[in-house]
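**Q** I'd like to ask you about the structure that follows.
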Amino acid sequence: MVHYPAWDQDEARSIVSSLAHLEGATLPILHALQEEFGYVDPQAVPLIAEALNLSRADVHGTISFYHDFRTAPPPRKIVKLCRAEACQAQGCETLVEDLAREHGIVVDSHHGNQDAVVETVYCLGNCALGPSALVEGELIGRVDADRIAALCGARQ
Ligand code: FES
């Protein structure tokens, strides 16, 4: 897993000012910040608002609208869950619903400070043994919601 430096407001400020001249600079700035630090700290909001002459609510709205932006440091663990056709036929969408209902784990939700997140992927090449998941390089077949929840909760 990639290790990012801790949030640094001065570094963030220089990233913001180096891109502020771009047309529609909000998204390039947010992407650059996330690339550098692994997430967009709430402290970035006033910096961006000031540099682009936007309201803080505008910047905040953009961050919330695009669910790819993390607002807290990246989780320690990412569980990739296959939701392609063969795994769908083997119940992965029910698994996704069960995860949310029974374990409070929302797939593809990057907001909040979580130890683990579950992300959608499309085909892990393990179609005969779906639903499939990939966790830290390990391919796991025939997963169910309980197994995924356990994988998310398991600390190493
Ligand atoms: S469709 Fe899920 S592993 Fe191929």
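Here our numbering = 1-based position in the sequence shown + 824.
Beta carbons: idealized from backbone N, C-alpha and C, even for Gly.
#1: Anything with a beta carbon under 5 angstroms from a heavy atom of the ligand FES counts; list them all in chain order.
#2: Among the candidates ILE872, ALA973, PRO829, GLU847, whose CA atom is the shortest distance from the CA of SER838?
#3: Quick one: Cα of CYS951 to Cα of LYS901, how far?
#4: Confirm, please, whether the CB-CB distance from GLN833 to GLN858 is below 8 angstroms.
#5: Taking the alpha carbon of GLU960 as the reference point, which residue from GLU874, GLN912, ILE929, VAL903 has its own alpha carbon closest?
#6: Rounded to whole angstroms, what is the Cα-Cα separation between ARG979 and GLY915?
#7: Relative to the alpha-carbon of VAL941, which residue among ILE964, ALA881, LEU975 has its alpha-carbon at the smallest distance?
#8: Once you ignore the five residues that flank THR944 on each side, which residues in its own chain have a CB closer than 7 angstroms to its CB?
#9: To which residues of the same chain is SER879 closer than 8 angstroms at the C-beta, ignoring the five residues directly before and after it?
#10: Taking 8 angstroms as the threshold (C-beta atoms), are LEU953 and ARG796 in contact?
**A** Working from what's here:
#1: CYS906, ALA908, ALA910, CYS911, CYS947, LEU948, ASN950, CYS951, GLY954, SER956
#2: Indexing the sequence shown from 1 puts residue 838 at position 14. Nearest of ILE872, ALA973, PRO829, GLU847 to SER838, Cα basis: ILE872.
#3: Looking up residue 951 in the sequence shown gives position 127. Looking up residue 901 in the sequence shown gives position 77. Their Cα atoms are separated by approximately 23 angstroms.
#4: Start at 1 with the first residue of the sequence shown, and residue 858 comes out as number 34. Start at 1 with the first residue of the sequence shown, and residue 833 comes out as number 9. One thing to note: GLN858 has its Cβ no nearer than 8 angstroms to the Cβ of GLN833.
#5: Taking the first residue of the sequence shown as position 1, residue 960 is located at position 136. Among GLU874, GLN912, ILE929, VAL903, the Cα nearest to that of GLU960 belongs to VAL903.
#6: By 1-based counting over the sequence shown, the position of residue 979 is 155. By 1-based counting over the sequence shown, the position of residue 915 is 91. Here ARG979 scores only 43 on pLDDT, less than 50, and its place in the model should not be relied on; the value that follows carries that caveat. The straight-line gap separating the alpha-carbon atoms of ARG979 and GLY915 is approximately 27 angstroms.
#7: Within the sequence shown, residue 941 is the residue found at index 117, counting from 1. Comparing C-alpha distances from VAL941 to each of ILE964, ALA881, LEU975 shows the shortest one belongs to LEU975.
#8: In the sequence shown, the residue the question calls residue 944 occupies position 120. Contacts found: LEU905, ARG907, VAL931, ASP932.
#9: In the sequence shown, residue 879 corresponds to position 55, counting from 1. Excluding residues up to 5 positions away in sequence, ALA873 lie with their Cβ nearer than 8 angstroms to the Cβ of SER879 in the same chain.
#10: The shown model of the chain, from 825 to 980, leaves out residue 796, and the question about it has no answer.
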